[in-house]
Every structure is written in C-alpha cells, then in structure tokens.
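Chains as they are written, first to last, in my numbering: chain W, 32 to 349; chain G, 32 to 349.
Using N, Cα and C, we set each Cβ at its ideal position, and we do this for glycine too.
2 protein chains.
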Amino acid sequence: MPSKPKLKIAAVAGGVGASKLLLGLYEVMDPGLLTIIVNTGDDIVLHGLKISPDLDIVTYTLAGIVDAAKGWGFRGETFHALKHLAAYGRPNWFNLGDRDLATHIHRTASLAEGKTLSEAADSIRLALGVKSRILPMSDSPVPTIIDSSEGPLHFQEYLVKRRTEAVVKGIRFASVESARPAPGVLEAIRDADRILICPSNPLISIGPILAVPGIREELRANKEKVFAVCPIVGGKSLKGPSDKMLAQLGRDSSALGVAKLYADFTGTFVIDPADKSQSAAISALGMQVAVLPTVMKTLAHKRKLARDLLSLPPALPL
Amino acid sequence: MPSKPKLKIAAVAGGVGASKLLLGLYEVMDPGLLTIIVNTGDDIVLHGLKISPDLDIVTYTLAGIVDAAKGWGFRGETFHALKHLAAYGRPNWFNLGDRDLATHIHRTASLAEGKTLSEAADSIRLALGVKSRILPMSDSPVPTIIDSSEGPLHFQEYLVKRRTEAVVKGIRFASVESARPAPGVLEAIRDADRILICPSNPLISIGPILAVPGIREELRANKEKVFAVCPIVGGKSLKGPSDKMLAQLGRDSSALGVAKLYADFTGTFVIDPADKSQSAAISALGMQVAVLPTVMKTLAHKRKLARDLLSLPPALPL
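Right under this line is the structure:
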C-alpha cells in the first residue's frame, strides 16, 4: 500500500459527478487535508425547508451513507413524509426521503436560529463523521435560473420537475453580484497545494461557484495549481445534461469547449484518452494537458483517478 | 340500527381523552353536524416546526389512522427523521414520526405562506377525509406554561420531557388576554343544539379553551345546552395527570372538584356511576346531574356514551 500523499487539496465541486472523484480522493489521501467548495446554486426552498442538494450529495457520499445507485439521498431511504405532503396538496416532484428530511429540517432550523449555511453544513458533516471540510460557495442564496423555452425556471424545476426537457436559452445566477465567498473558501484555494475542479457540469455546477465575486479571481491567481477534470468525454457528459445545455447555448459540447470556459484559471486540463486528439487545441489555450482515464464506473476507477491527479506534476508557471 | 340523531353538536376537546368520545360521536351521528373546538395551548415549535398535538390527535383519530394503542401519531409509524435529527444534536424528547412530520411541515409552511392555523387545520382534516369541522380554539399562540418546582415549563416539557414529575404550582396561558376565538368557534357554540365538554383535563385541555376571551362567556350564555363529561372517575383521571395536577394545586381531585370548575357554564354534568354519591353536592352547584358509564375501553363503550349523551334531555333553563 503506497503511503498517502501529504498534499493539501481544495476541490471545487457540484454534486453527483464530483462526488465520484471526491470519494476516490477521500480514500487515497488524508481526508483532513481535503477542503471541498460546493455549488449552492441548486439550493431551493420547498415546503419551507432549505434544501442544498449538492452539499448533501457530497456529505452523504463521503459519510458512506449515500444511495450509490441514485447518487443522492440516503441508502435504504423511505418516503413516508413525502407521500403525506402530497396528500396535503404540496408538490412532490422533488424527492425528499424521511432521513434526508432531518437534514433539511436541521439546516432550516439552524438558519432560523441565526447560524450561517456554512455553520449548518459543518454541523451536518461532523455529525455524519465526514473528516473533510465541506464549504458552501457562499452563505447567501444564489439561485441558478434557467431562461428557457418555457420561461425562467429554477434549476431544480428545469432538472427534476421538467427533466431537462425545456430548451435552455440562458443561465443566470440571481443575486450573485452581492454574494461573497463563504468563510474559508478563498483561504482554502490560496493555501492548497493543488486545486481540483471536479468533473461537474461547467455551466450549472462549476459556473455558479466561479460567478461568486472573488472566487474566479482567486483561482486565476493560483492558476498553476489548478487541475480541471473535464466532465465531457467523447462529446458526451459523464453525468447530467452538460452536453445538451452547451449545445443549446451554441457552445462546443466537447472537451475543447469546456477547456475554453476554464482556460483563464486552469493550469492543467485533464482529459480522457478518448479526447486525446483535442490535446493540441487545448494546449493552445495556454494550459498543460494531462491525459488520464476519467470515466469512473467503480470505486477502483475513482481511487485510480484520484491517485493519478495527486501524482501529476504541477503546471509550469505561466 | 337506530337512525342517527339530527342534532348539531359542538364539542370542546383536548386530545387523547376527548378523542375517545369524539370517535363515538363521529360514528353514531351525522359527522357533518359535528364541530370540534380543540385546545391549542399544548402547541409547541420544535426544530422550527409548528406542532399542534391536540388538533392532530383529534384529526388522526377521526380519520381512522391514529395509533390506537398510544392514542396519538400515525398507526404503523416510522421514526427515521427523528433519529437523524437527534444525530444532528436536536432534542428528541418529543416523538415525531415520519408521516406525522408531513403534517407539521405542511402546517408550518401554510402559516409561513400567510394562512391561519384554522385554515391549515381545515386543509389537514379535509385531506385526511374527516367530515367534521375541527377548529383550533384560537388562531394565535396561547402556550400553556406550568409554573413548577423546576421553574416555568412549557406544557409539553412538563408532560413529555419531564413526564409530569415536576410539582405544579400554577398554570398560565401566555398571551391569552390578546387571543381571540378562531373564526367559527363562537358561532358553533351559539348554533349548536348541544355543546359537549369532552372528558379532557379540566386544567390544561379545557382550561386554555375557556381562557380565550369570549368562549367561557358564550358557553355561559348557552348554559342549558352544555353537557360536561367528567374526566375524573372515582378520584382518578380517566387519562393523563388531571388528578395529580388538581391535588398539587390544592383543589379537589374528584368529580365534585371538576364540577366546581365548570358550574358557571354547564347545564348538565355527567358523572360515572362510581361517583353517584357526589350527585347531590354537584346538583347543589346549580347543574343537572346525569349518571352514565363514562369509562370508554372499547369502541362499543365510546358509541354507547355518545348515544347516551345525545339522548339526554336538555337541562332546564336556569
């Protein structure tokens, strides 16, 4: 067994896609040296409860309690409360399990008691025994709004209620101008030996994090430490609607397309062997290119990619 | 099968004790002619959720979904969310089942959306198929505070958390001076052919209802229509801590003791045969006395008492 690398890592993450890599990292490194900065643009208030899907997906995954088949929620979950909420005429398009509800109730009550979203997230990950710090991108709400063929939709309405069937015309992060990075976010980027951009949707998982004033700038200032794992392989999303959304917005739904979005703050762009032909074009954007297997179907794949990323040489100063 | 009496009934009710009689009434009369005025002094906010125990006990009982062994909550309930709330460091002395949580989430969200407690209660009973109207005593919070040997306790803390072990020194209904009867409460009393005071704790189930300005006065004005079922039989509570609380407050924990508390607004006081010897003393308070079996161990007993009450002659005008 190789010894665990002693690098301090900051990971920039969405939900299900990111959690595959994060689980690999959590297992191959000292998890106390890992800080995860999580998208909260997906957050939504339903039934008066503040729901932070990506924070919960990351936390449940690293706690080892996630429903691995779905990638979210508790394993062996029941949905008794949701069934009764529906009987009371409340919307039930967003799945809320009974155990999961405790998280939302606790977070909502914590906020009502004057705590911040960061403090609530920290109490949840500690209660669930997660050893890595999990930070929301911001303590203030920055809901992602999809301007679509059906009008403006909250991202969860677009993703879950409308099952990505509406055509995307634009993406906005409401109130992002006045949002500030949550405490510790900029410091985690600055202090990290390596910053990993997880293979998440560049538009609506990484995009909202980059849009919080100060975060993209901090990444740029640490560009040689930034390693971005491309979420598109062979022109298809590893997970979710990235490819479709990129295409509907007139962008290039390829590794190169993602590279263009990340070129200003990324030192090393990591692509799958399937996209090796795009290496030269990506290099021309001013980044190193690393070719690593990025499709993570098993825990072994997740560990392998994590180890590979930690072993890459740092990018040359630019 | 005798035909169902066509009397309009208003019932003044607490929780578990009252629900036995209410279930009997619901079955032997046209439930559309029954209006139930329920104690909300027991209401409490836990984990940010507004919980109305007596409203829910009555509603679940009449909906046929109550856990009959406990007298509250859903039958076949699970407690997954509560277990996780406890893991997050939240108090778990108050049992909240997963299905039951849907009721509290719906009520809390309804209030946040600008609805009244009455409107929330009505939506819940309608969703659960209850044909009788269920009204909170008031739409504003009137928490029952027990001044005890351990200092002031919310009634639920006294009852559930401290299991009635603190010595009662006094009872207060906070903010009751400014509370008003919920819409329909006074009208239900006025319009009823018969008003039943259910066999509930006189101090902390019926007491809070009587304390809402206007309700006791309306009962007095309709005294001859008021039939009160004594919750104390042979010096013991049928249910709960009534006897102990009466004794600790220096009051008579007997049928006569309860009769004294109700004499100003009750036309007919209903006692169990076990207390027949107190008939003359109760009559001397200015009420008719009816002797009926009031111990309801089976559904047949509940129906029998309900039928007996509906068959009693009205009290003479006083």
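For the region 185-198 of chain W, no residue has a beta-carbon sitting nearer than 7 Å to a beta-carbon of chain G.
Under a criterion of Cβ atoms nearer than 7 Å, the residues of chain G adjacent to R130/W are, in order, H111, A112 and H115. Counting the other Cβ atoms within 10 Å of the Cβ of K254/W gives 16 or more, which makes it buried. When beta bridges are read from the DSSP output, D178/W appears opposite P183/W and G201/W. Here the alpha carbon of D61/G sits roughly 22 Å from the alpha carbon of M168/G.
By the Cβ-count criterion, W124/G is exposed, with fewer than 16 other Cβ atoms from all chains shown falling within 10 Å of its own Cβ. Secondary structure of T297/G (DSSP, three-state): coil. Inter-residue distance for P172/W and S273/W is about 23 Å (C-alpha atoms, whole angstroms). Listed in chain order, the beta strand (DSSP E) runs fully inside the region 209-277 of chain W are 225-228 and 257-260, counting runs of at least 3 residues.
Under the Cβ distance rule, G145/W does not count among the residues neighbouring chain G, no pair being separated by less than 8 Å. For S154/W, the neighbours in chain G by C-beta distance under 9 Å run, in chain order, Y119 and G120.
In the DSSP assignment, R121/W falls outside any alpha helix (DSSP H), carrying neither H nor E. Identification of chain G residues near G201/W by a Cβ-Cβ cut-off of 8 Å yields none; the smallest Cβ-Cβ distance measures about 30 Å. Judged by DSSP in its simplified three-state form, V89/G adopts helix. Collapsing the DSSP output to three states places L166/G in a strand. The Cβ atoms of L250/G and V260/G do not sit closer than 8 Å to each other. Annotation: the continuous beta strand (DSSP E) that includes I75/W extends over I75 to L77.
CA-to-CA, the gap between Q309/G and A286/G works out to about 7 Å. Residue contact with chain W for I136/G: present (Cβ-Cβ distance below 8 Å to some residue of chain W). Residue-level contact check: G79/W touches chain G, since one or more beta carbons of chain G fall below 8 Å from its beta carbon. For T66/G, the enclosing beta strand (DSSP E) stretches over residues L65 to V69. Proximity to L86/W across D131/W, P122/W and A112/W peaks at D131/W, based on C-alpha coordinates. In chain order, G79 make up the part of chain G whose C-beta sits under 7 Å from the C-beta of T139/W. Nearest C-alpha to R138/W among E218/W, D74/W and I313/W: D74/W.
The beta carbon of A205/G sits closer than 7 Å to the beta carbons of V173, P174 and I176 from its chain, once the five residues preceding and following it are set aside; these are given in chain order. The Cβ neighbour count for A41/G, taken over all protein chains shown within 10 Å, is at least 16; the residue is labelled buried. If you check each beta-carbon in the region 90-110 of chain G against every beta-carbon of chain W, the ones closer than 7 Å belong to T109. Inter-segment contact for the region 91-107 of chain G and the region 193-202 of chain G is absent: fewer than three beta-carbon pairs are separated by less than 8 Å. Across the set A133/G, I228/G and E218/G, the C-alpha of A133/G shows the shortest separation from the C-alpha of P122/W. In the structure shown, the three-state DSSP call for K291/W is helix.
When CB distances to chain G are screened at a threshold of 9 Å, the residues of the region 152-184 of chain W falling below it are S154, I155, A158 and L159, in chain order. In this structure, the straight-line span from the alpha carbon of P214/G to that of R164/G is close to 12 Å. The beta carbon of T147/W lies closer than 6 Å to those of D170 in the same chain, with the five residues before and after it left out.
Against chain W, the CB of A133/G has a partner CB under 8 Å away; the residue lies at that interface.
For L38/W, the secondary structure class from DSSP, reduced to helix, strand or coil, is coil. Across the structure, L157/G and S209/W are spaced so that their CA atoms are roughly 44 Å apart.
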